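Everything on this sheet refers to the single structure shown next.
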Ligand code: SF4
């Protein structure tokens, strides 16, 4: 669909197009009003000292006229934010009326809805009032408002990090084969020639980061070894990475190792991971259908998932997470129900239910695989929620991505006492994260103003090998930026 905007702030057109994307899939913004334009959006404003009224007219494929009132912000930044929100809301409301579509997350296009609730609570509102404000502003459904409430209640029961605690991440961006939906920085391991050099550079960065933390009197609150698939490394390489990380492992009671792809899991690797301090692993079926696994390029079977899970239990792992994806090609709600039922029959301590997001960088984007529609995916996600609850698994973190089926969400569920601190810290941006490995992003939460300073490592493996010292220096320099050079928090 081609859309033409005639609005007082051209800088908001991208965000307005995001709202249109929620209703129509991918829209194209026309720079001129041509005959080929499908929809024209006109916005005008009347601004007083304290209030602003926004008038919107839709013409073309949909016809609608609507007005909405909002406040004028006290400073330029707040005013820009309020004004953008008003434009997005009036467009959203007009599109609901024009199309009759119901969107569970309303006009929210941002990836971390819980943050909006926390921001409102930071302004002094209680949980109920903050939820009401967010759900009113963004037109959230009752189910999604309840989901946010449940998640925040679990998170509030978990101790916040002190100013001396950080979460740590070690990235191993290699996998045996590339999943068709993958949009992560992960290379196929191929002949494995890059692994020794990568492991050596990573060990250097881990040791340097441990020294930096000691110098700055910081302790690891959690450690997450992810990727890619860390278990793509050989037993010896895994061992050397975890030995280098020992100072961090000794400081925390939560050490996760992603053993995501069952085709990389062996008894020996699991034993090394366990002996060197992993307390939590992830074994990810994604689906319990071999046909789908083949279609999405996972190169393992359901049988291997079950074997790996039982092996991990036999070796004493008592905190296992399983990742599943709702909305995979060719799958129906009935198939997804079978997947959930089989996964829960294994009694994992945690379950992460993703909604398929087909990003431009994935192979799936190029091949137009047959995907279930938004209503089917919503049924899958709702079923996951109710079955997780029946098994005593509570939602404890949530994030959303662009291009998700049905504009839904990814939710982490866990039994009481098994919520993953690292996942919460990453999503809520309330704890400093020190990240190691190619493409890993360190984030320092400035204690003066809770704003975030970022230091991304280079993504290219060759550049990472050559510039690992520089990555360490940049990480250290982050701490010199406290109180200066801040960037504003993410807006919705
Ligand atoms: S296992 Fe994860 S990181 Fe690896 S290819 Fe699949 S989606 Fe990408």
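In this note's numbering, the protein residues as written are 19 to 510.
Cβ coordinates follow ideal geometry from the N, Cα and C atoms, glycine included.
Predicted model only: the values in this text are computed from it and were never measured.
Any idea which residues DSSP pairs residue 85 with across the strands? As a working note, residue 85 is residue 67 in the chain shown. Paired residue(s): 73.
Taking only heavy atoms of ligand 1 into account, decide whether any of them is closer than 6 Å to the Cβ of residue 278. Taking the first residue of the chain shown as 1, we reach residue 278 at position 260. Under cutoff, so the answer is yes.
In chain order, each beta strand (DSSP E) run of at least 3 residues that lies wholly inside the segment 165 to 205: Counting whole runs of 3 or more residues, the segment 165 to 205 contains the beta strand (DSSP E) stretches 183 to 190.
Is the separation between the beta-carbon of residue 71 and that of residue 62 shorter than 7 Å? Here the question's residue 71 lines up with position 53 in the chain shown. Here the question's residue 62 lines up with position 44 in the chain shown. Not in contact: residue 71 and residue 62 (Cβ atoms no closer than 7 Å).
As assigned by DSSP and simplified to three states, the class of residue 146: Taking the first residue of the chain shown as position 1, residue 146 is located at position 128. Correct three-state label for residue 146: helix.
Comparing C-alpha positions only, which one of 27, 488, 240, 58 sits nearest to residue 20? In the chain shown, the residue the question calls residue 20 occupies position 2. Per the Cα distances, 58.
Span of the alpha helix (DSSP H), counted from its first residue to its last, around residue 282: Locating residue 282 in the chain shown gives position 264, where the first residue counts as 1. Run containing residue 282: none; DSSP gives neither H nor E here.
Residue 20: first and last residue of the uninterrupted beta strand (DSSP E) it sits in: Taking the chain shown and counting its residues from 1, one reaches residue 20 at position 2. First-last of the beta strand (DSSP E) with residue 20: 20 to 24.
Cutting at 7 Å between CB atoms, please list the residues of its own chain near residue 436, excluding the five before and the five after it. As a working mapping, residue 436 is identified with position 418 in the chain shown. Result list for residue 436: 337, 367, 368, in chain order.
Between residue 196 and ligand 1, is there a pair consisting of the residue's CB and a ligand heavy atom that are separated by less than 6 Å? By one-based count along the chain shown, residue 196 stands at place 178. Indeed, a heavy atom of ligand 1 lies less than 6 Å from the Cβ.
Could you check what DSSP says for residue 58 in three-state terms: helix, strand or coil? For the purposes of this step, residue 58 is identified with residue 40 of the chain shown, where counting begins at 1. Look at residue 58 here: in three-state DSSP terms it is strand.
Please identify the residue among 482, 291, 149 whose C-alpha is closest to the C-alpha of residue 250. In the chain shown, the residue the question calls residue 250 occupies position 232. Ranked by Cα distance from residue 250, the first of 482, 291, 149 is 291.
Rank 370, 358, 392, 420 by C-alpha distance to the C-alpha of residue 379 and give the top, closest one. In the chain shown, residue 379 corresponds to position 361, counting from 1. It is 420 whose Cα lies nearest to the Cα of residue 379.
Identify, in the order they occur along the chain, each residue of the same chain with its Cβ nearer than 8 Å to the Cβ of residue 277, setting aside the five sequence neighbours on each side. Position 259 of the chain shown, counting from 1, holds the residue named residue 277. For residue 277, where only same-chain residues beyond five positions count, the Cβ hits under 8 Å are 247, 248, 249, 283, 287, 288, 291, 299, 300, 301, 326, 330.
Starting from residue 461, trace the beta strand (DSSP E) both ways and give me its first and last residue. Translated into the one-based positions of the chain shown, residue 461 becomes position 443. Residues 459 to 463.
Exposure of residue 280, with buried meaning 16 or more beta-carbon neighbours within 10 Å: As a first step, residue 280 is located in the chain shown; it is residue number 262 there, counting from the start. Note on residue 280: 16 or more other CB atoms within 10 angstroms of its CB, so buried under the neighbour-count rule.
DSSP on residue 454, reduced to helix/strand/coil? As a first step, residue 454 is located in the chain shown; it is residue number 436 there, counting from the start. Annotated three-state conformation of residue 454 is strand, per DSSP.
Please say whether residue 456 and residue 482 have beta carbons closer to each other than 7 Å? Looking up residue 482 in the chain shown gives position 464. Looking up residue 456 in the chain shown gives position 438. By the CB criterion at 7 Å, residue 482 and residue 456 fall inside the cutoff.
Buried or exposed (CB count within 10 angstroms, at least 16 for buried), residue 358: Residue numbering aside, residue 358 sits at position 340 when the chain shown is read from its first letter. By the Cβ neighbour-count rule, residue 358 is buried, with 16 or more other Cβ atoms within 10 Å of its own.
Tell me the residue span of the beta strand (DSSP E) that contains residue 387. In the chain shown, counting from the first residue as 1, residue 387 sits at position 369. Membership of residue 387 in any beta strand (DSSP E) is not indicated, and neither H nor E is assigned to it by DSSP.
Which runs of the alpha helix (DSSP H) spanning at least 4 residues fall entirely within the segment 100 to 145, listed in chain order? The qualifying runs are 131 to 140.
Residue 472 - partner residues in DSSP beta bridges: Your numbering for residue 472 matches position 454 in the chain shown. Partner(s): 461.
Is the beta carbon of residue 266 closer than 7 Å to that of residue 494? Here residue 494 refers to the residue found at position 476 when the chain shown is read from its first residue. Here residue 266 refers to the residue found at position 248 when the chain shown is read from its first residue. Annotated as distal: residue 494 and residue 266, with beta-carbon spacing of 7 Å or more.
Under 6 Å: does the beta carbon of residue 271 sit that close to some heavy atom of ligand 1? Counted from its first residue, the chain shown places residue 271 at position 253. For residue 271, the Cβ stays outside the 6 Å cut-off from all heavy atoms of ligand 1.
For residue 196, which residues from the same chain have a beta carbon less than 6 Å from its beta carbon, with the 5 sequence-adjacent residues on both sides left out? As a working mapping, residue 196 is identified with position 178 in the chain shown. Contacts found: 206.
According to DSSP, is residue 68 part of a helix, a strand, or is it coil? Walking along the chain shown from the start, residue 68 turns up at place 50. Coil.
Around the Cβ of residue 304, are there at least 16 other Cβ atoms within 10 angstroms (buried) or fewer (exposed)? Working through the chain shown from its first residue, we reach residue 304 at position 286. In summary, residue 304 is buried, with 16 or more beta-carbon neighbours lying within 10 Å of its beta-carbon over all protein chains present.
For residue 396, which option in 409, 387, 371, 376 has the closest C-alpha, if you only look at C-alpha atoms? Here the question's residue 396 lines up with position 378 in the chain shown. It is 371.
Within 10 angstroms of the Cβ of residue 52, are there 16 or more other Cβ atoms? Answer buried if so, exposed if not. Residue 52 sits at position 34 when you count from the first residue of the chain shown. That one is exposed.
What are the boundary residues of the alpha helix (DSSP H) that residue 351 is part of? Taking the chain shown and counting its residues from 1, one reaches residue 351 at position 333. Its alpha helix (DSSP H) spans residues 351 to 363.
Kindly indicate which three-state DSSP category residue 214 falls into: helix, strand or coil? Your numbering for residue 214 matches position 196 in the chain shown. Assigned with DSSP and collapsed to three states, residue 214 falls in helix.
Identify every residue that forms a DSSP beta bridge with residue 413. Locating residue 413 in the chain shown gives position 395, counting from the first residue. DSSP, once it has assigned bridges, lists 431 as partnering residue 413.
For residue 275 and residue 413, what's the separation of their Cα atoms in angstroms? Walking along the chain shown from the start, residue 275 turns up at place 257. Walking along the chain shown from the start, residue 413 turns up at place 395. If you take the alpha carbons of residue 275 and residue 413, they lie about 21 Å apart.
With DSSP run on the structure shown, which of helix, strand or coil describes residue 48? Here residue 48 refers to the residue found at position 30 when the chain shown is read from its first residue. DSSP, reduced to helix, strand and coil, places residue 48 within a strand of the structure shown.
Residues in the same chain with beta-carbon distance under 6 Å from residue 296, minus the five sequence neighbours each way, listed in chain order, please. Numbered from 1 along the chain shown, position 278 holds the residue referred to as residue 296. Hits under 6 Å: 273, 275.
State the CB to CB distance for the pair residue 104 and residue 86, rounded to an integer number of angstroms; the pair is presumed to be in contact (CB under 8 Å). Against the chain shown, residue 104 aligns to sequence position 86. Against the chain shown, residue 86 aligns to sequence position 68. Yes, residue 104 and residue 86 are in contact; Cβ-Cβ is about 6 Å, under 8 Å.
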